[in-house]
Amino acid sequence: MRISGCSVAAPARELTRCPGFPVDEPTMNARHREEDLAIEAAIAQVLAAERDADVAVAQCRLDAAAMIEQAHADARALAQRTERRIGRIRAAFEASTAREVARLDAESAQLDVRHELTSDEIADVVSAVAVVAAELTDNA
2 MRISGCSVAA
12 PARELTRCPG
22 FPVDEPTMNA
32 RHREEDLAIE
42 AAIAQVLAAE
52 RDADVAVAQC
62 RLDAAAMIEQ
72 AHADARALAQ
82 RTERRIGRIR
92 AAFEASTARE
102 VARLDAESAQ
112 LDVRHELTSD
122 EIADVVSAVA
132 VVAAELTDNA
């Protein structure tokens, strides 16, 4: 490629022949070497930083995956503990309810028993009926 009569890839001695570019050949070579080295160092630094960033991103992905898995494991363990607790509470409630139902059934059975009155109880009832009858007829 040629620009204003100069070859871009031309060595420094040819650049001295380009119109408008009076360059001292040893100074130009040293300057180009320094610039080339600086450019190569900058490129190497960018590439190293990119590699380091890639490694860091990969490590972050691994760390994130491990944290997610740990969170899932913690959630599963919490769910299992909760289920066990609910199971114990449910069992205690069922046992308490069964005892209360049995107590109520026993009480109900006692109340349903037919009681035969004794002769003294019959006499008390007859006496009470007579008192009530007398009061009702005396007040009429």
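Here the sequence shown is numbered in this note's numbering, starting from 2 and rising by one per residue. All C-beta atoms in this analysis are idealised placements derived from N, C-alpha and C, irrespective of residue type, glycine included.
In the structure shown, what three-state DSSP assignment does R115 receive? In the displayed model, R115 falls within coil according to three-state DSSP, outside both helix and strand.
Straight-line Cα distance separating A59 from H33: Near 38 Å, if we compare the C-alpha coordinates of A59 and H33.
Pairwise C-alpha distance: A96 and A78: Each residue's alpha carbon lies about 27 Å from the other.
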